[in-house]
């Protein structure tokens, strides 16, 4: 069974704090993703990574950065948290399978509140 | 940004009812269409991946169809049960690794 874990289920931070959200997958997947989910907006892609030290911006990268130093770990960083970053953050991973489409496997999510 | 729309936004049905909802997506650059189920307090989990026009997939009481020419997919649930209560997400895949998700249909099945 693929397992994607996220460091916290709930997190409360103050405006201006630097926030790290960690994601770890145990299936040696090449691709990893960070999404945020807000009511009525669905999952929106923040960043993704297709290899160690490689990253690409998604649809809403502003205010975020990422780090992928090891294949199994993908970190989302909020350099200076703001209240509009209060959201549910989901991490996902997927293999690269040349003969098939790449199902994404999700973590349980981190609900971040910025006060 | 690609436009993927799901309707209705939410749905309340009685146990035993059959239901269906829609995902609309761009018909250009199509590679695949994914359906996920997201239960409260759990991780989204994959239901189907569909690639070919006319594809039909089935898993138990849940099935899905795909029309890539007109850009829509339907998800059907036959004889809904309370455990089917979840948000159902579709995601459009252009084959470039990242998916574009719709906003989901939230289904509540009353016992």
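Chains as they are written, first to last, in my numbering: chain A, 15 to 129; chain W, 2 to 112.
All residues carry an ideal CB built from backbone N, CA and C; glycine is no exception.
Residue i (DSSP reduced to helix, strand or coil)
i, result
"residue 84(W)", "helix"
"residue 54(W)", "coil"
"residue 98(A)", "helix"
"residue 31(W)", "coil"
"residue 113(W)", "Any property of residue 113(W) remains undetermined from this structure, which presents chain W solely from 2 to 112."
"residue 13(W)", "strand"
"residue 129(A)", "coil"
"residue 106(A)", "strand"
"residue 7(A)", "Any answer about residue 7(A) is impossible in this case: the structure gives chain A only from 15 up to 129."
"residue 22(W)", "strand"
"residue 106(W)", "strand"
"residue 116(A)", "coil"
"residue 92(W)", "strand"
CB contact below 8 Å: residue i versus chain A
i, result
"residue 47(W)", "yes"
"residue 90(W)", "yes"
Chain-ordered neighbours of residue i on chain W, where CB pairs are closer than 9 Å
i, result
"residue 64(A)", "98"
"residue 39(A)", "Per Cβ cutoff of 9 Å: no residues; residue 39(A) is ~12 Å from chain W at best."
"residue 45(A)", "98, 99"
Beta-carbon neighbours of residue i, restricted to chain W and to distances below 7 Å
i, result
"residue 59(A)", "99"
Any non-hydrogen atom of the ligand GTP within 7 Å of residue i CB
i, result
"residue 109(A)", "Judged by which ligands are present, the structure shown has none, so any question about the ligand GTP falls away."
Under 7 Å by beta carbon: chain A residues contacting residue i
i, result
"residue 105(W)", "56"
"residue 102(W)", "56, 57"
"residue 13(W)", "The contacting residues do not exist; residue 13(W) stays about 17 Å from chain A at best."
Residue-chain proximity (residue i, chain W), Cβ-Cβ < 8 Å
i, result
"residue 116(A)", "yes"
"residue 120(A)", "yes"
Partner residues on chain W for residue i, Cβ-Cβ distance less than 8 Å
i, result
"residue 72(A)", "99"
Neighbouring residues, chain A, relative to residue i (Cβ below 8 Å)
i, result
"residue 43(W)", "122"
- prompt: Can you find at least 3 beta carbon pairs, one from the region 30-47 of chain W and one from the region 86-95 of chain W, that sit closer than 8 Å?
  reply: yes
field: the region 21-38 of chain A contacting the region 62-80 of chain W, beta-carbon criterion three pairs below 8 Å
entry: no
- prompt: Would you call the region 94-101 of chain W and the region 25-36 of chain W touching, i.e. three or more CB-CB distances under 8 Å?
  reply: yes
- request: Determine, using beta-carbon pairs with one atom in the region 114-128 of chain A and one in the region 9-21 of chain W, whether at least three such pairs fall under 8 Å.
  value: No: fewer than three Cβ pairs fall under 8 Å.
message: Check whether the region 23-43 of chain A and the region 55-63 of chain W are in contact - that is, three or more C-beta pairs closer than 8 Å.
response: no
task: Examine the Cβ distances between the region 56-67 of chain A and the region 35-46 of chain A and report whether three or more of them are shorter than 8 Å.
output: In short, these stretches touch, since the Cβ pair count reaches three.
message: I'd like the ranges of any beta strand (DSSP E) spanning at least 3 consecutive residues and lying wholly in the region 50-83 of chain A.
response: 56-65, 68-71
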